[in-house]
Structures are given as structure tokens and as C-alpha cells.
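Colleague: Input: one structure, supplied below.
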Ligand SMILES: [Ca+2]
């Protein structure tokens with residue numbers, strides 16, 4: 000049989016069309032647990048829709064390499080595993096260092112009373128009546144004892160909320176988790192590419208159709224004093240409560256903000272376009288080397304976060320759009336601020352040689 004089978008197969012192969020090989024960005028086999036492959040490619044970053052802010056412009060072409068991304072925001076269960084393995088204490092669980100804090104407030108600001116320097120975080124407090132949306136202190140309350148395990152304050156807990164996104168996570172906390180897990184935060188460009196789910200230049204992660212209460216967890220009603228909860232959630236929702244995007248990523252719009260790696264500058268895109276020239280492509284951008292943040296003018300450093308939260312409403316903050324940008328100093332935690340991680344193929348090789356839990360977790364970012 001053999002003597003005629005081989006020539007027959009050779010002949011057959013010679014006349015059959017050659018099947019196309021896998022594209023260069025094909026997913027590698029078996030994604031890491033809980034992650035999905037984002038194939039990389041070129042896209043138009045930024046937005047010019049009616050709700051877009053100046054810092055989302057100009058739109059410009061960006062190319063990113065492929066990577067894996069957590070399919071969901073990091074959950075309370077996942078963060079608890081990290082804390083139990085390492086003994087890590089988040090910034091919200093540590094006393095406030097006045098010497099650090101005074102670098103971020105106007106010169107001459109008096110030292111707050113000791114009670115204000117105890118561990119705590121900023122908790123959303125819904126006003127009983129309409130308030131102006133210019134002064135966020137009308138709905139954010141410094142709350143001693145608020146942290147990831149007590150998100151509404153010391154008398155609250157995360158019992159029954161294992162699959163909720165962890166919140167009250169400062170940037171430095173997110174970096175510590177990433178290092179332990181052998182992952183990192185996404186760059187702002189990676190985050191936006193992934194959020195678009197394969198769609199090009201659409202206003203929302205699902206297309207150009209306007210937001211409705213079935214799409215994602217945001218705020219319905221008059222922010223910040225009236226929430227009709229048409230989407231079913233006043234605060235964070237369990238991950239995967241809403242339809243995923245085209246890449247299988249849940250909650251890339253709304254639910255909780257997600258830290259990115261980049262330093263924030265409102266004019267970052269204009270600067271990148273100047274570097275590559277009109278029509279040029281920015282490749283794997285990692286953001287500016289120095290931050291400027293008009294919302295936090297005294298903070299020496301401000302980091303980008305993306306995706307909006309359950310407090311987003313078109314009357315105040317339509318940041319559930321994939322091009323929307325926001326930023327916060329890296330030591331600040333908030334009740335609507337969490338994160339998700341990415342991993343590159345090169346990082347996976349390192350991870351496979353260093354099992355989870357063997358990576359050291361420095362208390363702050365470098
Ligand atoms: Ca909601």
C-alpha cells in the first residue's frame with residue numbers, strides 16, 4: 000500500500016489549494032486562566048463624538064501588539080487571595096502620611112486633625128437633594144475605615160460580594176497585585192484597543208447606538224441625588240452582569256474605573272501626533288514621561304484610569320465611552336475605582352518559570 004499511497008497524497012496535495020496559515024496575531028493556545036487574547040492591530044484612538052472631551056482628541060492611528068487581558072475586573076475573591084498570600088495592606092488601610100499628602104495640596108494647607116489622617120478612603124454619599132456638579136466634595140466623603148474589605152465604611156463588608164470588582168484600590172495597590180500575579184496594568188492604548196472589541200471608530204463599545212440600561216452599569220436619573228437604578232445596581236455590580244464586548248471582555252463600560260499604566264496629560268495625543276507626523280501611526284505608546292492634571296493641579300503625579308463607573312451619567316460624566324479619559328493621583332483610592340490586568344507572551348514565559356506567589360510585592364510603584 001505504502002508504495003502508491005505516498006505518490007497519491009503528494010499529487011493530491013499538489014492540486015489542492017494551500018490553506019492559509021495562521022495570521023501573525025493568532026491567539027496562542029490556552030489563554031491564562033480568566034484571560035482572553037486581544038489580537039493586537041491598528042485602530043483609531045480617541046473620540047470626537049458630541050460627548051467627547053478635548054483630552055480625547057485629536058483622533059489618531061495607533062498600533063498595539065497582541066496581549067492577554069483579564070476577562071473581568073479583578074474581583075474581591077481574587078484580591079483576597081493576593082492579600083492572604085502576601086499580607087499586603089492597601090494604601091486605604093494605612094495611616095495617611097502627611098508629608099506625602101502635603102505635596103498634593105496647595106502650599107500652606109494646614110495639617111488636618113489626627114482623626115483625618117487615620118486609614119480610610121473616599122466613599123460615595125448620595126446627597127438628598129440636587130447639588131451642583133462642580134464640587135465633588137458634595138458626594139465624596141472621607142471615611143475612616145473604608146477600604147476594599149469595607150467599601151461603604153467600617154460597618155460594611157464584602158460578604159456575599161465575592162464576584163464584585165474590588166474597589167478602593169490605589170494605583171500602587173494595583174501594581175502590587177499585578178506583580179504578584181505576573182501581570183501588569185494595560186497601557187492606555189491597549190485598554191482602549193481592547194475596549195473597542197474589534198469595532199472601529201464607534202462611540203460606544205457596542206457600536207454607535209446610545210446607552211441604555213441593558214448595556215452596562217452606570218447611573219440612571221439625576222446625578223448625584225437621584226438614581227432610578229433602571230439597570231438594577233446602585234453601586235458596583237457582580238462582574239459579567241452585562242453583555243461582554245466583541246473580545247469577550249465584561250464591563251469595559253461602566254461598573255468601576257480601571258487603572259491604566261500611563262501618566263496623564265490632557266494633550267498627550269497632540270504630542271504623539273506631532274512626533275509621528277500627520278497620518279503617522281503611533282506604535283505601542285506608553286504615555287508621556289511627566290503628568291499634568293488640571294483636575295489635580297497640586298498632585299506631582301497623576302495616572303490614567305478608563306471605562307467609567309456606576310456613577311457615570313450623561314449629565315455629568317459620560318466616561319463609559321471607550322475614548323473617555325480620567326486620572327487620579329496614584330495613592331488615592333475611591334469607592335468606584337478598581338482595575339484589571341494584562342499579560343504579554345513574554346511575560347507569560349517568565350510567569351511559567353516563577354509560579355504565582357513567588358514574585359515580591361513592593362509596597363509602592365517604581
Ligand atoms: Ca447602576
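In the working numbering, the protein residues as written are 0 to 365.
Glycine included, every Cβ here is placed at the ideal spot set by N, Cα and C.
Mind checking which residues open and close the beta strand (DSSP E) that includes residue 302?
Modeller: 302-305
Colleague: Helix, strand or coil for residue 217? Go by DSSP, reduced to three states.
Modeller: If DSSP states are grouped into helix, strand and coil, residue 217 belongs with coil.
Colleague: Ligand 1: which residues have Cβ under 5 Å from any of its heavy atoms, chain order?
Modeller: 216, 230, 232 and 309
Colleague: Is the beta carbon of residue 336 sitting closer than 9 Å to the one on residue 258?
Modeller: In contact: residue 336 and residue 258 (Cβ atoms closer than 9 Å).
Colleague: Contact defined as beta carbons within less than 8 Å: I believe residue 253 pairs with residue 307. What is the distance between those atoms, to the nearest angstrom?
Modeller: Yes, they are in contact, since the Cβ atoms of residue 253 and residue 307 sit about 5 Å apart, within 8 Å.
Colleague: On a CA-only basis, which of 237, 159, 153 and 105 is nearest residue 72? Give me that one, please.
Modeller: 237
Colleague: Under three-state DSSP, which class holds residue 257?
Modeller: strand
Colleague: Is there contact here, the region 277-290 with the region 59-72, by at least three beta-carbon pairs under 8 Å?
Modeller: yes
Colleague: Could you name the residues of the same chain whose beta carbon sits closer than 8 Å to that of residue 226, not counting the 5 residues immediately before and after it, in chain order?
Modeller: 125, 218, 219, 220 and 233
Colleague: Where do the ends of the alpha helix (DSSP H) carrying residue 100 lie?
Modeller: 97-100
Colleague: Buried or exposed: where does residue 352 fall if 16 or more other Cβ atoms within 10 Å of its Cβ makes it buried?
Modeller: Flag for residue 352 reads exposed.
Colleague: Entirely within the region 97-129 and at least 4 residues each: give me those alpha helix (DSSP H) ranges in chain order.
Modeller: 97-100
Colleague: So does the region 31-40 actually touch the region 243-253, counting three or more Cβ pairs closer than 8 Å?
Modeller: yes
Colleague: Do you know how far the Cα of residue 256 is from the Cα of residue 164?
Modeller: 10 Å
Colleague: Taking 9 Å as the cut-off, decide whether the C-beta atoms of residue 322 and residue 46 are in contact.
Modeller: yes
Colleague: I'd like to check one pair, residue 42 with residue 191: are the Cβ atoms closer than 9 Å?
Modeller: yes
Colleague: In terms of alpha-carbon separation, which member of 78, 107 and 287 lies closest to residue 269?
Modeller: 287
Colleague: State the CB to CB distance for the pair residue 319 and residue 215, rounded to an integer number of angstroms; the pair is presumed to be in contact (CB under 8 Å).
Modeller: 6 Å
Colleague: Got a sec, what are the start and stop residues for the alpha helix (DSSP H) residue 189 sits in?
Modeller: 187-195
Colleague: With DSSP as the reference, label residue 346 as helix, strand or coil.
Modeller: helix
Colleague: Exposed or buried, residue 55, counting other C-beta atoms within 10 Å across all chains shown (16 or more means buried)?
Modeller: buried
Colleague: Who does residue 316 pair with in a DSSP beta bridge?
Modeller: 312
Colleague: Count the other CB atoms within 10 Å of the CB of residue 324; is the residue buried (16 or more) or exposed (fewer)?
Modeller: The residue in question, residue 324, is buried, as its Cβ has 16 or more Cβ neighbours within 10 Å.
Colleague: Count the other CB atoms within 10 Å of the CB of residue 348; is the residue buried (16 or more) or exposed (fewer)?
Modeller: exposed
Colleague: Tell me whether the beta-carbon of residue 202 lies closer than 9 Å to the beta-carbon of residue 50.
Modeller: yes
Colleague: Would residue 342 and residue 181 qualify as a contact pair, given that the criterion is a beta-carbon distance under 9 Å?
Modeller: yes
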